[in-house]
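Protein chains: 2
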Amino acid sequence: MPNLDLFFNPRAIAVVGASRTPGKIGYTILENLKMTYKGKIYPINLEATEIMGLNAYPSVLNIEEPVDLAVIAVPAEKVKYVVLECIKKKIKACCIISSGFSEIGQKEREIELQKISKGKIDIIGPNCLGVYSKNLDMLFLSRDRFKRPSEGNISFISQSGAVGSALIDMIGFEGIGISRFISYGNALDIGEIELIDYLGKDTGTRAIAMYIENIKDGLEFIKVASKVSKIKPLVALKAGKTKKGQEACMSHTGALAGPANVYSSAFKQAGVIEAKTSEELFDMAKSLAYQPIMADNKIAVITDGGGFGVLAADAAVEFGLELPALTPESLKPLRSAMPAHGITANPVDVTGDASDERFKRVLDIVFRDRNISGVIAIVLPQIPALTEGIVDILRDCKLYGKPYVVCMSGGAWTQEKARKLESFGVPVYPTPERAAKALAALYEYGKIVKGK
Amino acid sequence: MPNLDLFFNPRAIAVVGASRTPGKIGYTILENLKMTYKGKIYPINLEATEIMGLNAYPSVLNIEEPVDLAVIAVPAEKVKYVVLECIKKKIKACCIISSGFSEIGQKEREIELQKISKGKIDIIGPNCLGVYSKNLDMLFLSRDRFKRPSEGNISFISQSGAVGSALIDMIGFEGIGISRFISYGNALDIGEIELIDYLGKDTGTRAIAMYIENIKDGLEFIKVASKVSKIKPLVALKAGKTKKGQEACMSHTGALAGPANVYSSAFKQAGVIEAKTSEELFDMAKSLAYQPIMADNKIAVITDGGGFGVLAADAAVEFGLELPALTPESLKPLRSAMPAHGITANPVDVTGDASDERFKRVLDIVFRDRNISGVIAIVLPQIPALTEGIVDILRDCKLYGKPYVVCMSGGAWTQEKARKLESFGVPVYPTPERAAKALAALYEYGKIVKGK
Chain P
1 MPNLDLFFNP RAIAVVGASR TPGKIGYTIL ENLKMTYKGK IYPINLEATE IMGLNAYPSV
61 LNIEEPVDLA VIAVPAEKVK YVVLECIKKK IKACCIISSG FSEIGQKERE IELQKISKGK
121 IDIIGPNCLG VYSKNLDMLF LSRDRFKRPS EGNISFISQS GAVGSALIDM IGFEGIGISR
181 FISYGNALDI GEIELIDYLG KDTGTRAIAM YIENIKDGLE FIKVASKVSK IKPLVALKAG
241 KTKKGQEACM SHTGALAGPA NVYSSAFKQA GVIEAKTSEE LFDMAKSLAY QPIMADNKIA
301 VITDGGGFGV LAADAAVEFG LELPALTPES LKPLRSAMPA HGITANPVDV TGDASDERFK
361 RVLDIVFRDR NISGVIAIVL PQIPALTEGI VDILRDCKLY GKPYVVCMSG GAWTQEKARK
421 LESFGVPVYP TPERAAKALA ALYEYGKIVK GK
Chain Y
453 MPNLDLFFNP RAIAVVGASR TPGKIGYTIL ENLKMTYKGK IYPINLEATE IMGLNAYPSV
513 LNIEEPVDLA VIAVPAEKVK YVVLECIKKK IKACCIISSG FSEIGQKERE IELQKISKGK
573 IDIIGPNCLG VYSKNLDMLF LSRDRFKRPS EGNISFISQS GAVGSALIDM IGFEGIGISR
633 FISYGNALDI GEIELIDYLG KDTGTRAIAM YIENIKDGLE FIKVASKVSK IKPLVALKAG
693 KTKKGQEACM SHTGALAGPA NVYSSAFKQA GVIEAKTSEE LFDMAKSLAY QPIMADNKIA
753 VITDGGGFGV LAADAAVEFG LELPALTPES LKPLRSAMPA HGITANPVDV TGDASDERFK
813 RVLDIVFRDR NISGVIAIVL PQIPALTEGI VDILRDCKLY GKPYVVCMSG GAWTQEKARK
873 LESFGVPVYP TPERAAKALA ALYEYGKIVK GK
């Protein structure tokens, strides 16, 4: 396996195709790198001697110091010559951002690059956004329009730059953070296999989410993913499940996408949790990265809105979870923690007049109950007797050591509470069904770890 | 059928249980009514002579002028006496907000109320939020925490107050508006059948969304819904699909929820579109209320992000839609509207360097194509060459007269564009799969109208 650490922790970076013109790809890349990367950056530009206050060079060969990583954003027909110069300069890693390769039928350009680079330089791309982490942002996406997430524990690899960047933007909007994002485009060299292997060892990554159009080497994928999935959860969205979708993949990343069922069984064999939609990918990655494994399928639903409890129960059962009765030892204190109209069955309904204190007592009883291995807490924070304090109460449920997810449904006021709770690493979902699916993923992952 | 117009356009309202204490239910109801309702309001309170600047009365019997509607928010054991006084006062409609009836096993209280009221006064509730429209807001939900939506064309009926109010809050956060919302709780008198019948005739309502735990009279439901569904779309979420969910319904609205398959076939027979999740209910109601019927299942996907095009194509096909090739007449102008790396197949990929102008030309060609009956426009407005103008371009696609939905995926910057577009009545979704499902609902509804 290649040493991908050079992509994330290079000692120095060259940006080939760096531009002085705001709005150009080569400008935005340089701008974002300059804002995040602490090491030395060398803009490469045939005409400029200085860009954004950095000394510019006509070629990587003009740089005297060693360079670990080249970011290449020049027209497709020039990429080959740049890569040859990078090899000569002994640069060991490059991200080719440029498009104009197999996705427009120019497969031979990739074949040529493969021949030139083999054993000499590792390549991410072409036709991609490259890599992103808090300390190395090479995305050619304006920070005004695409918010960057806080640092966190989800890593995300994507064949599609658009899907990847929109998801990063969404994650940035919510409170949950990410560790590394890699958009690898046409994958002429480094693909999902090398990335999974690398992220498996990356201490900042606690869950790996993947958008995949095709996998080139299925057996190798299963081998590597099986190993990693025992250590940390992998969740994948396969795009191109239908014939029409496969045609679209072909013109997107030049990739021949295989039939959906082949992928599903490979995922299953490899311990990869399959997401059915982009929303599920995102939802499950959040719970998998931030919550412990669920010991079994026995959960409790706690709600301050009865209808939401019904919907959560339906969805949980549909996803293979069970809602057992609480132990007799719990029922008495539960009864005394609630008014007569509160429901002590599972779902537990603390009802719409619940206060912070009532929620806290009920959560404490339910989390401690030995019949219960995981919790969906449905909290409409809008109800009158709740205060900002409910966010801290829900955060502190981490101390029970059991997996849980929160459902908060509503507008701006509620979403602000949800974001705050997520910033503490508690996954929050806008509907009970999505919360149930996310909790079910923790049970599913438990089975994978146990080899069931 | 009862005359439900008294609930929405009463000449005067009495609020029984009106309170002077901020935070109390009887205070918030009065406050919200005062803020929205233009007619005369009579607070009823045994002790006060004036509340919020309004003359208060000890009983409805002390009011001299006629009253059309009573909102009742007193303890359950007192409700009967209040209703008797309302009848004596010749009030013809009341909303019983109070809980403490069959949902806590006090079924006999409802039976007694049914006997008392029959033929004399129509009742919504008990254990509910009552009704809401822009000009009559009796919800006991603080406006600081629950945003009210703008006026629009979705009407929403819900057995669950919490589900209803959270959805209203969410709709308020997005740009789409609502016409009427009715939370009818235990439905001792007026239920989904009467409400569907009424909303079927309501000119402000273009689509009816329903959260249903149980239907008391299945045959009558099918009869009424079949009639209404020919005129305007009905979309329903059935809660209590699993045994566990049914138990939860029992303690929620005291209702015995029937098996899911019975409901599904009743919905089918009645021309009601069934939502699988609360999210789908919301998503489909938006497209059904704001977009025309789709003539057939032939759609086009237009995207500025290739991966999103793949996901939309997969989802569309899964939901029974087809993505035919465009007509030969479209291909030439389409080719000249895009650079070489643009894709003229369906999904049409205008790619990440698309400008407003390119999007506009491509949308024009695709909307006019005679092979295409509906469009999913996936617009990541974050891409550099797009401006605020893209929102107007997408709004103006209404002029083609074909149904379409928009997918915009991302954080705050993008969501602001989405909300703006929704305020013009164009449904916007955060993922391609949700957009595809919403468009498919317009095809499904077309089949219902044609009786297929």
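Just so you know, the protein sequences line up as chains P and Y, in that order. Start counting the first sequence at 1; every next residue gets the next number (this note's numbering). Start counting the second sequence at 453; every next residue gets the next number (this note's numbering). Backbone N, C-alpha and C define an ideal beta-carbon position, used for all residues, glycine too.
Whole-angstrom distance between residue j and residue i, CA atom to CA atom
i, j, result
"Arg500/Y", "Ala508/Y", "A small correction: the amino acid at residue 500/Y is Ala; Arg does not occupy that position in the sequence shown. Distance between the alpha carbons of Ala500/Y and Ala508/Y: 6 Å."
"Phe625/Y", "Asp649/Y", "29 Å"
"Pro833/Y", "Gly804/Y", "10 Å"
"Gly552/Y", "Leu442/P", "38 Å"
"Phe449/Y", "Gly862/Y", "Given that chain Y is displayed from residue 453 to residue 904, the structure contains no residue 449/Y and the question cannot be resolved."
"Ser158/P", "Ala275/P", "14 Å"
"Leu54/P", "Ile44/P", "10 Å"
"Asp848/Y", "Leu6/P", "49 Å"
"Ala225/P", "Val163/P", "22 Å"
"Leu651/Y", "Ser607/Y", "8 Å"
"Leu783/Y", "Asn798/Y", "11 Å"
"Val348/P", "Leu321/P", "16 Å"
"Phe673/Y", "Asn605/Y", "23 Å"
"Lys559/Y", "Leu323/P", "26 Å"
"Pro22/P", "Glu50/P", "15 Å"
"Gly245/P", "Tyr42/P", "40 Å"
"Glu31/P", "Met52/P", "8 Å"
"Gly571/Y", "Ala528/Y", "22 Å"
Whether residue i touches residue j by CB criterion (8 Å)
i, j, result
"Lys437/P", "Met284/P", "yes"
"Ser739/Y", "Val857/Y", "yes"
"Val375/P", "Tyr290/P", "no"
"Ala315/P", "Pro126/P", "no"
"Asp296/P", "Ala354/P", "no"
"Tyr132/P", "Phe181/P", "yes"
"Ile378/P", "Ala300/P", "no"
"Cys128/P", "Ile178/P", "no"
"Glu110/P", "Ser117/P", "no"
"Gly723/Y", "Lys675/Y", "no"
"Lys298/P", "Asn371/P", "yes"
"Val16/P", "Ile104/P", "no"
"Asp621/Y", "Pro454/Y", "no"
Beta-carbon neighbours of residue i, restricted to chain Y and to distances below 8 Å
i, result
"Glu192/P", "The premise fails here: Glu192/P is roughly 14 Å from chain Y at the closest Cβ pair, so nothing lies under 8 Å."
"Phe173/P", "Gly862, Gly863, Ala864, Gln867"
"Gly352/P", "Gly613, Ala614"
Given residue i as reference, the closest of the options once Cα atoms are compared
i, options, result
"Pro384/P", "Pro495/Y, Ser681/Y, Arg595/Y", "Arg595/Y"
"Val228/P", "Ile51/P, Leu237/P, Glu194/P, Gly309/P", "Glu194/P"
"Val818/Y", "Ser678/Y, Lys492/Y, Ile754/Y, Leu846/Y", "Ile754/Y"
"Met788/Y", "Gln566/Y, Gly478/Y, Arg813/Y", "Sequence inspection shows Ser at residue 788/Y; the Met mentioned does not correspond to that position. Per the Cα distances, Arg813/Y."
"Pro711/Y", "Glu699/Y, Gln721/Y, Ala722/Y", "Glu699/Y"
"Tyr533/Y", "Glu555/Y, Pro510/Y, Val519/Y", "Pro510/Y"
"Ala207/P", "Asn261/P, Gly185/P, Ala236/P", "Ala236/P"
"Gly161/P", "Leu139/P, Met170/P, Glu444/P, Phe8/P", "Leu139/P"
"Phe811/Y", "Ile845/Y, Arg822/Y, Ile795/Y", "Ile845/Y"
"Asp189/P", "Lys216/P, Glu77/P, Thr203/P", "Lys216/P"
"Met746/Y", "Gly692/Y, Ser703/Y, Ser825/Y", "Ser825/Y"
"Ala892/Y", "Met622/Y, Ile725/Y, Glu874/Y", "Ile725/Y"
"Glu329/P", "Thr344/P, Val449/P, Ile448/P", "Thr344/P"
"Asp589/Y", "Lys492/Y, Asp808/Y, Glu529/Y, Met487/Y", "Met487/Y"
"Leu513/Y", "Lys695/Y, Lys492/Y, Ile842/Y, Val535/Y", "Val535/Y"
"Leu851/Y", "Ile842/Y, Asp816/Y, Lys542/Y, Met860/Y", "Asp816/Y"
"Gly872/Y", "Gly853/Y, Gly898/Y, Glu840/Y", "Reading off the sequence, residue 872/Y comes out as Lys, not Gly. It is Glu840/Y."
7 Å Cβ cut-off: residues of chain P touching residue i
i, result
"Lys696/Y", "Ala313, Val317, Leu323"
"Cys701/Y", "Val310"
"Leu832/Y", "Ala162, Ala166"
Chain Y contact residues for residue i, given Cβ-Cβ distances below 7 Å
i, result
"Lys241/P", "Asp766"
"Ala266/P", "Residues of chain Y passing the Cβ test: none, with the nearest at roughly 18 Å."
"Arg145/P", "Gln834, Trp865"
Query raised in the report: Where are the beta strand (DSSP E) runs, 3 residues long or more, that stay fully inside the stretch 220–296 of chain P, in chain order?
Result: 234–238, 272–275
Query raised in the report: Along the chain, which unbroken stretches of the alpha helix (DSSP H) at least 4 residues long are found entirely within the stretch 562–641 of chain Y?
Result: 613–625
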